[in-house]
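Heads up: the structure comes next, in structure tokens.
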Amino acid sequence: MMTEEPFKTVSEVFAPTNFTAPATRALVEQCGTPFAFGYDKQLASRILELQHDIRMLKTCRNSNRPVNRLPAEVLSHIFLILFWTVQAEAAENQKVFWIYATHVCRQWRAVALGCAALWCDFAFDMHGELMRTILPRSKNLPISVSLKCDGATDMEALGEVLSHTTRICHLDLSSAGCDLPSYSLALELMGSSAPLLTTLSVSYATLMEEERLPENWLKGGLPALKYLKLKNFELDWARVPFSPALTTLHLEQSDSTNPDFAEMLQTFRGLPLLENLILCGKFPQDGFQPRMKPMTFSYLKHLSLTGWGHLIGNFLLGIRVPKTTFIDITFNGEHEWTSEVNACVASIRELWRDDPLEWAKDSLEFINFTAVANSHLNFAFRFDDVPEALDWEHHDNPHLNINFLFSSPGSPDLEFLSSFREHFNLNSLSMLHYTNNSHLACRSVLEEFFAHLPILHSIAFWGCDMSDFLHILDDDPACAVTQPSEEGSAVNSTAVTPCFPALHLLKIEDQHFKGNRIDTIIRVLGKRPKGHGIAFLSIHDCANIDEMDAERIKEALPDLDSFDWSKKDLQDELEF
Numbered sequence: 019m020m021t022e023e024p025f026k027t028v029s030e031v032f033a034p035t036n037f038t039a040p041a042t043r044a045l046v047e048q049c050g051t052p053f054a055f056g057y058d059k060q061l062a063s064r065i066l067e068l069q070h071d072i073r074m075l076k077t078c079r080n081s082n083r084p085v086n087r088l089p090a091e092v093l094s095h096i097f098l099i100l101f102w103t104v105q106a107e108a109a110e111n112q113k114v115f116w117i118y119a120t121h122v123c124r125q126w127r128a129v130a131l132g133c134a135a136l137w138c139d140f141a142f143d144m145h146g147e148l149m150r151t152i153l154p155r156s157k158n159l160p161i162s163v164s165l166k167c168d169g170a171t172d173m174e175a176l177g178e179v180l181s182h183t184t185r186i187c188h189l190d191l192s193s194a195g196c197d198l199p200s201y202s203l204a205l206e207l208m209g210s211s212a213p214l215l216t217t218l219s220v221s222y223a224t225l226m227e228e229e230r231l232p233e234n235w236l237k238g239g240l241p242a243l244k245y246l247k248l249k250n251f252e253l254d255w256a257r258v259p260f261s262p263a264l265t266t267l268h269l270e271q272s273d274s275t276n277p278d279f280a281e282m283l284q285t286f287r288g289l290p291l292l293e294n295l296i297l298c299g300k301f302p303q304d305g306f307q308p309r310m311k312p313m314t315f316s317y318l319k320h321l322s323l324t325g326w327g328h329l330i331g332n333f334l335l336g337i338r339v340p341k342t343t344f345i346d347i348t349f350n351g352e353h354e355w356t357s358e359v360n361a362c363v364a365s366i367r368e369l370w371r372d373d374p375l376e377w378a379k380d381s382l383e384f385i386n387f388t389a390v391a392n393s394h395l396n397f398a399f400r401f402d403d404v405p406e407a408l409d410w411e412h413h414d415n416p417h418l419n420i421n422f423l424f425s426s427p428g429s430p431d432l433e434f435l436s437s438f439r440e441h442f443n444l445n446s447l448s449m450l451h452y453t454n455n456s457h458l459a460c461r462s463v464l465e466e467f468f469a470h471l472p473i474l475h476s477i478a479f480w481g482c483d484m485s486d487f488l489h490i491l492d493d494d495p496a497c498a499v500t501q502p503s504e505e506g507s508a509v510n511s512t513a514v515t516p517c518f519p520a521l522h523l524l525k526i527e528d529q530h531f532k533g534n535r536i537d538t539i540i541r542v543l544g545k546r547p548k549g550h551g552i553a554f555l556s557i558h559d560c561a562n563i564d565e566m567d568a569e570r571i572k573e574a575l576p577d578l579d580s581f582d583w584s585k586k587d588l589q590d591e592l593e594f
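Counting from 1, position 555 in the sequence shown corresponds to residue 573 in the working numbering; the numbering is continuous, with no gaps.
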């Protein structure tokens, strides 16, 4: 039996050797001398000198060896840097190529096999034989599993890896291709607790209605779990392994089985640190009851909800969020819910009512309507009077994003805008942007909601038809009033308020000018009443405009403070 070596005495530690340099010996002999002037400073200086000498000697030793004879710790460090670099920069199907560097010679292979940290990542589409080979090489270090699975994935080998549950710190299973596998065999081999697990993501590329989490899966404890994502399979609420440490929760499935409202709220009360909540099709089917106390997410930074309008509106009644939370809502589903839109908007307005932050958050500064081709219409809202203490994201980014699918029955988007005006103040709106061909750039919407706002000073059209906007300006009665003559007999035009009275900046981008469009722009902007003229005009990336047109605009609108323009590079359109 091995005996433990006793600690050395002080006298043994201080005993000099034949190799002790005189400078070191002199300092050691002064140890314990009272009031030795500058002793500590001399010791520190001598230590630095010796450390420098050691570094020089190690460098000489390393430089004097062939590359294949580098010290094992140096070569291991090089392998690890290579591994991390490849993982960060290489394409997914090339992330295992770092292994070829270990095949240079026997010495390098031996060093690599002895470096357990090199064999702790199971990534991309690793085949079963490789998983079984590297698992013992990782020894007892924490492991990370990030696999893109398909029909060829060896689930038994994956199960062997996942059976080391107490060592797993990161688990991300996703699917690729058409032949989607079942993870059930591998997941069932996991233990009951994963003390090191911080990230857990299990998702399928498309909905797998027959797939479910194993019963009592990981119910033994996930004390470190901060990120949980479960997507596109049957989610039984009772089987989801929630953890009180969660900061991100992402649940996405069909609307087949959902928890009761009270059960969902009770679960959320056990997640006090949640910062990001993403729910898609995972909402309570029963209605919110007045006796239920709404759940307040005190630290929530991002809230993203996707589902049927009436289900989302009902869910919003049961939660409260800080005023600083960024909110993204996508309404989908095939059911008509126009009659419930107003209640949904009212629920949004109530979300942050309990937050004492000195920010009213009831007036708009900016709206952007974006039409995403063949997909959805996005409303991006930024509220006014953002407190200076908040970060740049709150000053620059939309605080509320609302999305409507083009396939939505009825006109919930228009109803939403009408209800939004009832619950929020649009009179503070100063910027209005249209991106792509949004049908909300039509004359009826512009005239009803925006043409008479008092401080709307900036309007931009990016790839969006602005014909109706120009028609409104052209037909504006205030622009048709005769200007006063020298005798003062004519009606004073300043007595009539024009449409878009505060407008002084107009941006036009990615347009195809047809016919007399440039003449129309000159005419409608040129007859704006005094005090309501456009000061800044920007025309960029537009087709059918050239230097002569730009000169015409500058000559016809001499009161412009700024005019900048550029034409579209047609070569961009020819590239495929």
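Cβ coordinates follow ideal geometry from the N, Cα and C atoms, glycine included.
| Item | Value |
| --- | --- |
| Starting from the C-beta of residue 254, find all residues in its chain whose C-beta is less than 8 Å away, skip the five residues before and the five after it, and write them out in chain order. | 230, 231, 275 |
| For the structure I just gave you, are there three or more beta carbon pairs, one from the segment 309-317 and one from the segment 389-401, closer than 8 Å? | no |
| Use the C-beta contact count for residue 102: other C-beta atoms within 10 angstroms, 16 or more gives buried, fewer gives exposed. | exposed |
| Taking the continuous alpha helix (DSSP H) assigned at residue 414, which residues delimit it? | 410-414 |
| Throw me the rounded Cβ distance for the residue 469 and residue 486 pair, which I believe falls under 8 Å. | With 8 Å as the limit, residue 469 and residue 486 do not qualify as a contact, their Cβ atoms being about 11 Å apart. |
| Report yes if the C-beta distance between residue 291 and residue 265 is below 8 Å; otherwise report no. | yes |
| Starting from residue 397, trace the beta strand (DSSP E) both ways and give me its first and last residue. | 394-401 |
| Taking just the CA atoms, how far does residue 180 sit from residue 148? | 15 Å |
| Please classify residue 471 as buried or exposed, where buried requires at least 16 neighbouring CB atoms within 10 angstroms. | buried |
| Using three-state DSSP, classify residue 338 as helix, strand or coil. | strand |
| Helix or strand or just coil, what does DSSP make of residue 417? | coil |
| Enumerated in chain order, which unbroken segments of the alpha helix (DSSP H) with a length of 4 residues or greater are wholly contained in the segment 433-515? | 485-493, 495-498 |
| What residue range is occupied by the uninterrupted beta strand (DSSP E) comprising residue 323? | 320-326 |
| Based on the DSSP output, what are the partners of residue 404 in its beta bridges? | Per DSSP, none; premise fails for residue 404. |
| Please return the same chain residues whose Cβ sits closer than 8 Å to the Cβ of residue 455, not counting the five positions on each side in sequence. | 389, 481, 482, 483 |
| Out of 525, 43, 78, state which residue places its alpha-carbon closest to the alpha-carbon of residue 64. | 43 |
| In terms of residues, what are the limits of the beta strand (DSSP E) holding residue 360? | Residue 360 -> not in any beta strand (DSSP E); alpha helix (DSSP H) instead, spanning 359-368. |
| In three-state DSSP terms, what is residue 546? | coil |
| Locate the beta strand (DSSP E) running through residue 346, then write down its first and last residues. | 344-350 |
| Taking C-alpha atoms, which residue in 560, 244, 556, 576 lies nearest to residue 532? | 560 |
| How is residue 114 classed by DSSP in three states: helix, strand or coil? | coil |
| With a Cβ-Cβ cutoff of 8 Å, do residue 159 and residue 140 count as a contact? | no |
| Report all residues from its chain with a CB closer than 7 Å to the CB of residue 153; omit the five preceding and five following residues, and keep chain order. | 178, 179 |
| Tell me, which residues are paired with residue 309 by DSSP? | DSSP lists no partner for residue 309. |
| Just to confirm, are residue 216 and residue 182 a CB contact at a threshold of 8 Å? | no |
| Looking at the strands, I want to know which residues DSSP matches up with residue 247. | 219, 268 |
| In chain order, what residues of the same chain have a beta carbon less than 6 Å from the beta carbon of residue 194, not counting five sequence neighbours either side? | 166, 168 |
| Got a sec, what are the start and stop residues for the alpha helix (DSSP H) residue 205 sits in? | 202-206 |
| Could you pull out every residue in the same chain whose Cβ sits closer than 7 Å to the Cβ of residue 546, ignoring the five residues on either side in sequence? | 497, 516, 552 |
| Could you tell me if residue 118 is buried or exposed, where buried requires 16 or more neighbouring beta carbons within 10 angstroms of its beta carbon? | exposed |
| Please state if the CB of residue 283 and the CB of residue 382 are separated by a distance shorter than 8 Å. | no |
| Taking the alpha-carbon positions, what's the residue 585 to residue 542 distance? | 21 Å |
| Measure the CB-CB distance between residue 424 and residue 393 and report whether it falls below 8 Å. | yes |
| Assuming contact is defined by CB atoms lying nearer than 8 Å, are residue 349 and residue 327 in contact in what I supplied? | yes |
| Between which residues of its own chain and residue 522 is the CB-CB distance below 7 Å, once the five residues before and five after are set aside? | 475, 552, 553, 554 |
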